[in-house]
Amino acid sequence: GPAPVGAARLVFHTPGVLKRPMVAACVLHAGMQFSGINAVFYYSSSIFMAVFGSMEVANRLSLLLAVINVAATVAAAGMIERLGRKTLLLVSAAAMAVTSSLIVLCFVMKWDLALVALFMCFVVFFGFGLGPIPWIVLSELFPPYAAGAASSVCLALNWACNFIVGVGFLPLSKLLGSWSFMPFAVFLTGVAVYIAKWLPETKGKSVEEVWGVSFAESE
């Protein structure tokens, strides 16, 4: 079979037949982090503290968010084979985009209890879609000779985006105030459009069937 493709070549000199898989993988992994999920996890305690004025309540709600995320991810394991990857990713991204917009509304209107409920919904929608599935579909988007390099590239991209959100959210929230989740809503809308229009379903298909091309050659 074709020789394995290195990660550097996959990024800087992507073989033509691998360009669409590479774009799909990068959109999903950037979408995972730029969804704003880690803004919720990193800063939920301070956000809840500002809303409720009690660190004990804030910490309990933050712990509840983590439990909900685990539960949603476990539930996703049973849904992925039944509903397909694309459907769950699309519902996840679209629902998170709507939820982000509603979070902004709740910040502006100071609807505190609704804000907490929306954070919970946000975590649920992430947990069954954009959380686990970008990792699951990697091996289904790429032929075997490129899957290892693609995983390395996506891992690096994922952590880079994670770092940007972790470092950038506090300055962003100071700049935008109650509107700090709106950039996430805009980005998630773009991800949802990409998934709807260009991401193929991978469930039960070979990589050649997914993309409709032959991956016999790495050039």
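The numbers in the sequence shown follow this note's numbering, run straight up by one, and end at 217.
Yeah, the Cβ is synthetic: ideal placement off N, Cα and C, and Gly gets one too.
{"Item": "Residue interval of the alpha helix (DSSP H) (run including residue 76)", "Value": "53 to 81"}
{"Item": "Selected residue, minimal CA-CA separation from residue 195, among 88, 57, 99", "Value": "88"}
{"Item": "Residues near residue 189 in its chain [Cβ-Cβ closer than 7 angstroms; skip 5 each side]", "Value": "25, 29, 91"}
{"Item": "Burial state of residue 102 (16 or more Cβ within 10 Å)", "Value": "buried"}
{"Item": "Secondary structure, alpha helix (DSSP H): runs of 4+ residues fully inside the segment 136 to 217", "Value": "136 to 139, 142 to 174, 180 to 196, 205 to 209"}
{"Item": "Beta-carbon spacing of residue 218, residue 98 below 8 angstroms", "Value": "Only positions -1 to 217 of the chain appear in this structure, which leaves residue 218 out of reach."}
{"Item": "Range covered by the alpha helix (DSSP H) that runs through residue 117", "Value": "110 to 125"}
{"Item": "8 angstroms Cβ cutoff, residue 8 in contact with chain B", "Value": "As a matter of chain content, chain B is missing from the structure shown, which is built from one protein chain."}
{"Item": "Identity of the residue in 18, 16, 201, 35 nearest residue 129 by Cα", "Value": "35"}
{"Item": "Three-state secondary structure assigned by DSSP to residue 85", "Value": "helix"}
{"Item": "Buried or exposed by the 16-neighbour rule on C-beta atoms within 10 Å, applied to residue 27", "Value": "buried"}
{"Item": "Residue 42 to residue 68 span [Cα, whole Å]", "Value": "16 angstroms"}
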